[in-house]
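Under the numbering used here, the very last position in the sequence shown is 407; numbers go up by exactly one each time. Every residue, glycine too, gets a C-beta built ideally from N, C-alpha and C.
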Amino acid sequence: MKIGKYELYPVETGRFALDGGAMFGIIPKPLWQKAHPTDDRNRIELAARSLLLKGDGRVILVDNGNGSKFTDKQIDIYRLDTSRNDLFRSLRNLGVSPEEVTDVLLTHLHFDHAGGSTVRAGKELVPAFPKARYCVQKAHWDQAMHPTEKDRGSFMPDDFMPLFHAGVLDFIDGPCELFPGISLELVNGHTAAQQLPKISDGTQTVLFVCDLFPTTSHIPLPYIMAYDIRPLTTLEDKKRILTSAVEEDWTLFFEHDPGTVAGKVARTEKGFAFREAIPFGHSNAHPS
Ligand SMILES: [Zn+2]
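In structure tokens:
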């Protein structure tokens, strides 16, 4: 897909699985299990799908999946599966080397979004994209430095402290136009200051919806993850973003949906619903 100066490519970094109940909060299992079958440990399959933007002299990677630093125990708990694709193989398939990435936009620092930011080099942890600037919201950084007892487990300092020590991290303060044609929407319910990049040329708009709508099943308003630190703020975030998405006909890009890369939403009697999938160019997504 091309929008303005940018070519957009989905980048599959591997599959993983999280507890289905945690993914759907208060929603009873019979309402979601058909679309998201559980395994013997009640986990559902999730994609960890990044977005690559090429154009205007930049190669921008939005999020980078779970990375390669998990212990065997974590690989088991989160059912991490990189047998079919991982971050670097998918980038290579798109003709992009790690050295060519100019910017890494981190929506937030949870391990399934920022895990690919660093790699092991001997005993050291170093930035995975040696020539890139990495950016995150300042208010989110403060949350990552001082997580609550509830969200501490979502932050793995090895994903981001090496970036800080290498001096490659830029802190952004609030919504803004980051690059021409790429602006940032801020939402505060899932975590503090999650930034959602919006790519627009005035006619077409794609919003990377990250953990505001992890899957297409999360479009209806009460479908809110148990992970969120402020669920009622998520509810308001969802209403605001969905209203704009319907009025301005945005395409939403899903980071975690195992089967749908992107699509559009509609207003319904009860609120909002997923309307239709939109083809999004080449993706090496695989059916589960
Ligand atoms: Zn998250």
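Can you tell me whether residue i sits near ligand 1, meaning its C-beta is under 7 Å from at least one heavy atom of the ligand?
i           : result
residue 273 : yes
residue 229 : yes
residue 330 : yes
residue 232 : yes
residue 259 : no
residue 353 : no
residue 309 : yes
What residue does the beta strand (DSSP E) around residue i start on, and which one ends it?
i           : result
residue 359 : Run containing residue 359: none in the beta strand (DSSP E); it sits in the alpha helix (DSSP H), 350-366.
residue 290 : 288-291
residue 390 : Element bounds for residue 390: n/a, residue is neither H nor E.
residue 279 : Where residue 279 is concerned, there is no enclosing beta strand (DSSP E), given that its DSSP letter is neither H nor E.
residue 133 : 125-138
residue 252 : 252-256
residue 240 : 237-240
For the alpha helix (DSSP H) containing residue i, name the first residue and the last one.
i           : result
residue 247 : Looking at the DSSP string, residue 247 is not in any alpha helix (DSSP H), and its letter there is neither H nor E.
residue 174 : Note, residue 174: premise wrong, no alpha helix (DSSP H); beta strand (DSSP E) at 162-174.
residue 319 : Looking at the DSSP string, residue 319 is not in any alpha helix (DSSP H); the run it does join, the beta strand (DSSP E), is 313-319.
residue 198 : Residue 198 -> no alpha helix (DSSP H), and no H or E assigned at all.
residue 447 : This structure cannot settle anything about residue 447, because the visible part of the chain is limited to 120 through 407.
Spatial neighbours of residue i within its chain, please: C-beta separation below 6 Å, excluding the five flanking residues on both sides.
i           : result
residue 311 : 258, 259, 262
residue 244 : 237, 277, 281
residue 256 : 291, 312, 314
residue 388 : none
residue 369 : 324, 326
Might you give, ordered along the chain, the residues of its own chain that have their beta carbon closer than 7 Å to the beta carbon of residue i, omitting 5 neighbours on each side?
i           : result
residue 288 : 253, 255, 282
residue 279 : 228, 233, 236, 263
Only counting the same chain, and skipping five residues up and downstream in sequence, which positions put a Cβ closer than 8 Å to that of residue i?
i           : result
residue 274 : 228, 229, 230, 263, 266
Report task. Inspect the CB distances between the segment 201-217 and the segment 156-172 and report whether three or more fall short of 8 Å. Result -> In short, these stretches touch, since the Cβ pair count reaches three.
Should the segment 144-153 be called in touch with the segment 187-194, which here means at least 3 C-beta pairs below 8 Å? Remark: fewer than three beta-carbon pairs, one from each stretch, lie closer than 8 Å, so the segment 144-153 and the segment 187-194 are not flagged as touching.
**Report entry** Three CB pairs or more closer than 8 Å across the segment 334-346 and the segment 382-402
**Finding:** With the rule of 3 Cβ pairs closer than 8 Å, the segment 334-346 counts as touching the segment 382-402.
Determine contact between the segment 380-390 and the segment 292-310, defined as no fewer than three beta-carbon pairs at a distance below 8 Å.
Under the 8 Å Cβ criterion, the segment 380-390 does not count as touching the segment 292-310, having fewer than three qualifying pairs.
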